[in-house]
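Take a look at the structure below.
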Amino acid sequence: MRQLFIKRLLQTIPLLLFVSIVCFAMIKLAPGDPVLSFVTPNMHAEDIERIRHNLGLDRPAYVQYFLWIKEAVTGNLGYSLVNHQPVLDQILDRLPATAGLMGSAIGLAVLLAIPLGLVAGANRGRWIDKLVNLVAYVGISVPLFWLAILLIYYFSIHLHWLPSMGMRTIGVRSAVDVLKHGIMPCIVLAFSFLAIYVRYIRSSTIGQLREDYVQIQYAYGSTKRIVLFRHVMKHVLLPIITLLGMSMGELVAGAIVTETVFSWPGIGSLGMTAVRGMDYPVIMGITLFSSILLILGNLAADLLYGIADPRIKSKR
Amino acid sequence: MNRSKWRSVAGELRSSAFGIAGIFILVLFTIAAALAFLSPHDPNALNALERLKPPSADHWFGTDDYGRDYFTRALYGGRVSLMVGFASMILATGIGVVVGVVSGYFGGWIDNLLMRLVEVIMSIPSFLILLLLSVFLKPNVGNIILIISLLMWMNIARIVRAETMSLKEREYVLYARASGQGAFGIIRRHILPNLMPVVIVGATNNIASAIMMESSLSFLGFGVQAPNATWGSMLNNAQGLIAQAPYLALFPGLFILLTVLSFNVLGDILRVGFEPKLQKR
């Protein structure tokens with residue numbers, strides 16, 4: 000186990016390095032001169048050159064990369080070109096909103112997906128299975144922004160129950176208020192996760208029900224419900240761990256569209272604003288941040304899976 | 000690929016109501032998009048007198064805030080969405096098959112290099128790259144197809160690589176190699192034909208994700224630019240008008256859903272049809 004852990008960790012380092020190079024290259028190749036955002040109409044050419052020099056933008060690209068990465072490992076991801084705030088601070092500032100939203104969406108999705116997937120798998124081909132299947136298909140096929148618009152229309156405009164945007168009512172600081180703002184974005188995201196989880200759980204339930212231990216349990220006189228929710232469930236939870244790890248990578252990118260529709264003040268909408276404003280340091284910071292999450296998420300999934308199912312070890 | 004596999008796919012399709020519905024929807028949408036020019040309305044013609052009219056006999060889906068016929072715009076929008084999806088799928092599948100076959104057949108450092116490349120690209124959340132690239136490049140249909148395909152080929156490459164590695168150990172390939180056939184000939188004659196099932200399944204799923212990516216991009220305003228309609232950009236416009244004209248939000252989203260759903264369902268049916276072993280699972 001220790002060996003596997005170290006091996007996977009070592010594989011991760013070059014990956015992170017490459018990702019950082021790709022991020023950097025992408026920003027370097029981008030059109031538009033970042034210096035221009037500091038320029039005011041009454042500046043001279045020398046002033047502009049001085050700013051360029053101060054920002055280090057007149058050095059060769061590889062030097063700029065090393066300077067950038069050196070700062071990045073110590074937590075300095077540069078400053079926004081728009082509001083001149085440190086990039087990392089902005090990301091960390093927005094992290095709770097995104098993590099809270101995604102965490103509750105994933106939690107809700109898992110809670111619903113486990114019973115639905117188990118029951119659908121156990122009743123393969125029956126109406127309940129077909130229904131769950133249809134829901135899962137719609138879940139992976141529905142454009143989330145459309146679902147969001149429909150919810151906003153029904154619950155905000157038609158029924159006036161829920162606020163359609165933001166995270167807080169101005170001047171109100173209560174948990175209930177945040178909850179009310181968060182319900183719709185949470186449902187939208189949960190639906191998309193639910194669809195993926197249900198399909199996995201359903202198919203692994205079908206696989207598990209053919210295993211010997213199920214027959215043995217039946218032979219001992221267990222009822223279908225006990226077999227399903229006590230024994231099969233234990234085995235079915237394994238793939239969920241992997242899925243959760245992979246969902247980490249979706250934390251930022253998966254939230255961009257939903258956060259934008261609901262103006263949820265998370266990292267996704269920060270990224271959208273940065274992209275619209277060509278705020279390269281922020282874009283770069285968010286890309287790097289979410290790539291690291293994705294890589295670590297996959298790593299965690301692999302390792303947890305190895306711990307939970309010792310058989311994996313021998314295969315590697 | 001032999002005939003029995005196609006027969007198995009056809010059988011799988013016939014027995015699935017979802018599958019038949021999916022094919023019907025896709026054929027219908029394709030014909031509608033192809034015949035969009037038959038509509039009496041111009042998709043981009045402004046008409047101040049006809050602003051935000053609800054659905055009627057003349058304007059089946061109503062009109063938008065510029066007085067443009069929404070049904071006609073949905074037809075033309077479908078044309079763009081389907082075309083982007085199809086073209087991206089072709090390009091991504093092409094890249095994926097080439098990379099996968101080269102990687103799987105030749106192995107060694109080429110394989111190592113290509114698979115590390117795949118890993119790196121897959122380590123950056125693709126929607127972020129999609130957004131970035133579409134900001135950097137001019138957002139026209141060609142560039143969007145290019146960007147989407149550059150983000151989609153990795154899955155096919157991985158599947159094709161695994162399949163190629165198992166195919167090249169088959170006896171007929173070993174025999175062909177022993178009898179002096181070159182690598183190119185073996186790939187063309189023995190590997191590629193047998194890759195068809197996994198490639199077709201992967202390609203079908205890729206169309207679905209390409210259409211979804213294009214719609215999300217257009218919805219965020221980074222896709223095909225105004226005045227040209229796509230389903231995604233129509234929804235972008237509809238969001239702002241949701242209080243006055245909720246019907247504007249209904250159809251484009253429904254069309255995206257139905258198209259993507261159909262491709263996803265067909266992808267699964269093809270998968271089961273090509274691999275009858277899976278059916279039992």
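Protein sequences, first through last, are from chains A and B.
Heads up: the first sequence runs through residues 0 to 315, numbered per numbering that gives the first Met the number 0.
Heads up: the second sequence runs through residues 0 to 280, numbered per numbering that gives the first Met the number 0.
Quick reminder that beta carbons are idealized off the backbone N, C-alpha and C, glycines included.
Everything numeric in this text was worked out from a predicted model, so none of it was measured.
Nearest neighbour of residue i, chosen from the options [CA to CA]
| i | options | result |
| --- | --- | --- |
| residue 16 of chain B | B:274, B:193 and B:261 | B:261 |
| residue 57 of chain B | B:39, B:64 and B:72 | B:39 |
| residue 189 of chain B | B:174, B:200, B:201 and B:199 | B:174 |
| residue 131 of chain A | A:195, A:154, A:85 and A:84 | A:195 |
| residue 73 of chain B | B:268, B:258, B:250 and B:267 | B:250 |
| residue 242 of chain B | A:159, A:288 and A:175 | A:159 |
| residue 184 of chain A | A:64, A:39, A:298 and A:259 | A:259 |
| residue 20 of chain A | A:7, A:155 and A:63 | A:63 |
| residue 147 of chain A | A:220, A:187 and A:43 | A:187 |
| residue 167 of chain B | B:145, B:144, B:192 and B:147 | B:192 |
| residue 226 of chain B | B:240, B:102 and B:69 | B:69 |
| residue 213 of chain B | B:172, B:122, B:103 and B:140 | B:140 |
| residue 256 of chain B | A:53, A:191 and A:223 | A:191 |
Same chain, Cβ closer than 8 Å to residue i, neighbours up to 5 away in sequence not counted
| i | result |
| --- | --- |
| residue 178 of chain B | none |
| residue 165 of chain A | 180, 261, 262, 263 and 264 |
| residue 78 of chain B | 32, 33 and 35 |
| residue 117 of chain B | 98, 153, 156 and 157 |
Buried versus exposed call for residue i [16 or more other C-beta atoms within 10 Å across all chains shown]
| i | result |
| --- | --- |
| residue 321 of chain A | With chain A running from 0 to 315 in the structure shown, residue 321 of chain A is simply not present. |
| residue 23 of chain B | exposed |
| residue 210 of chain B | buried |
| residue 2 of chain A | exposed |
| residue 279 of chain A | buried |
| residue 78 of chain A | buried |
| residue 82 of chain A | exposed |
| residue 11 of chain B | buried |
| residue 315 of chain A | Confidence is the limiting factor: at residue 315 of chain A the pLDDT is only 38, short of 50, which leaves the residue's position unreliable and the question unanswerable from this model. |
| residue 251 of chain A | buried |
| residue 183 of chain B | exposed |
| residue 313 of chain A | Here residue 313 of chain A scores only 46 on pLDDT, less than 50, and its place in the model should not be relied on; the value that follows carries that caveat. Exposed. |
| residue 26 of chain B | exposed |
| residue 90 of chain A | buried |
Nonlocal neighbours in the same chain, by C-beta distance under 6 Å from residue i, ignoring five residues either side
| i | result |
| --- | --- |
| residue 125 of chain B | 150 |
| residue 279 of chain B | With a pLDDT of 43 at residue 279 of chain B, under the threshold of 50, the modelled position of this residue cannot be trusted, and the question is left open. |
| residue 81 of chain B | 32 |
| residue 128 of chain A | 119 and 122 |
| residue 136 of chain B | 142 |
| residue 299 of chain A | 244 |
| residue 198 of chain A | 135 |
Beta-carbon proximity list for residue i, same chain, < 7 Å, skipping 5 on both sides
| i | result |
| --- | --- |
| residue 107 of chain B | none |
| residue 14 of chain A | 294 |
| residue 221 of chain B | 130, 133, 134 and 138 |
| residue 203 of chain A | 235 and 238 |
| residue 85 of chain B | 206 |
| residue 193 of chain A | 108, 111, 112 and 138 |
| residue 18 of chain B | 12, 264, 265 and 268 |
| residue 54 of chain B | 60, 61 and 246 |
| residue 43 of chain B | 67 and 226 |
First and last residue of the uninterrupted alpha helix (DSSP H) at residue i
| i | result |
| --- | --- |
| residue 131 of chain B | 125-135 |
| residue 109 of chain A | 86-121 |
| residue 234 of chain A | 232-252 |
| residue 210 of chain B | 191-218 |
| residue 221 of chain A | Element bounds for residue 221 of chain A: n/a, residue is neither H nor E. |
| residue 63 of chain A | 60-72 |
| residue 151 of chain B | 140-166 |
| residue 59 of chain B | Looking at the DSSP string, residue 59 of chain B is not in any alpha helix (DSSP H), and its letter there is neither H nor E. |
| residue 233 of chain B | 230-239 |
| residue 119 of chain B | 107-121 |
| residue 160 of chain A | Taken as a continuous stretch (DSSP letters only), residue 160 of chain A belongs to no alpha helix (DSSP H), as it is neither H nor E. |
| residue 126 of chain A | 126-140 |
| residue 45 of chain A | 44-53 |
| residue 199 of chain A | 174-207 |
| residue 267 of chain B | 246-273 |
| residue 184 of chain B | 182-185 |
| residue 275 of chain A | 266-275 |
| residue 144 of chain A | 143-150 |
| residue 259 of chain A | 255-260 |
| residue 173 of chain B | 170-177 |
Residue i CB to nearest heavy atom of the ligand GDP below 7 Å
| i | result |
| --- | --- |
| residue 161 of chain A | The ligand content of the structure shown is nil, which means the ligand GDP is not present either. |
**Whole alpha helix (DSSP H) elements within the stretch 4-78 of chain B, 4-residue minimum** = 16-33
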